[in-house]
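**Student:** Per this note's numbering, the very first residue in the sequence shown carries number 3; after that it's consecutive.
Just so you know, even glycine gets a beta-carbon here, dropped at the ideal spot from N, CA and C.
The structure displayed is predicted, hence computed values, not measured ones.
Sharing a structure, written as structure tokens. Questions coming.
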Amino acid sequence: MRIIVNGEGREVQAATLRDALAELGLADAIVATALNRDFVPATARGQTTLAEGDAIEIVAPMQGG
Numbered sequence: 003m004r005i006i007v008n009g010e011g012r013e014v015q016a017a018t019l020r021d022a023l024a025e026l027g028l029a030d031a032i033v034a035t036a037l038n039r040d041f042v043p044a045t046a047r048g049q050t051t052l053a054e055g056d057a058i059e060i061v062a063p064m065q066g067g
């Protein structure tokens, strides 16, 4: 299925957001996620299904001051 990840088109086989993160090599990463601009907590990623054309935003925390 074709989705958009951080503004870039990607092909994935994943059915859920959790599976998509694993497929993208981010299974164990500490990141924040949004699906179609709606925040998705880590605990809900396994139940959050994906559809053709969905847009996922993945943001890693940054340190600084």
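Applying the 10 Å Cβ sphere with the 16-neighbour rule, what's the burial state of I32?
**Tutor:** In the sequence shown, the residue the question calls residue 32 occupies position 30. Label assigned to I32: exposed.
**Student:** Which of the three DSSP states, helix, strand or coil, is assigned to G48?
**Tutor:** Within the sequence shown, the letter at position 46 stands for residue 48. G48: helix per DSSP, three-state reduction.
**Student:** Counting along the chain, where does the alpha helix (DSSP H) carrying E81 start and finish?
**Tutor:** The chain is shown from 3 up to 67; residue 81 falls before or after that span and cannot be answered.
**Student:** Relative to the C-alpha of A34, which residue among V61, I6, I5, G66 is closest?
**Tutor:** Counting from 1 along the sequence shown, the entry for residue 34 is found at position 32. Out of V61, I6, I5, G66, V61 has the C-alpha closest to the C-alpha of A34.
**Student:** Closest by CA to V14, which one among Q65, M64, G66, T51?
**Tutor:** Mapped onto the sequence shown, residue 14 falls at position 12. Of the listed residues, the one whose Cα sits closest to V14 is T51.
**Student:** In three-state terms, what does DSSP make of E25?
**Tutor:** In the sequence shown, residue 25 corresponds to position 23, counting from 1. Looking at E25 - three-state DSSP - the assignment turns out to be helix.
**Student:** Measure the beta-carbon distance from L26 to V7 and round it to whole angstroms, keeping in mind my assumption that it falls under 8 angstroms.
**Tutor:** On the sequence shown, position 24 is the one that residue 26 refers to. On the sequence shown, position 5 is the one that residue 7 refers to. Confirmed, Cβ separation roughly 7 angstroms.
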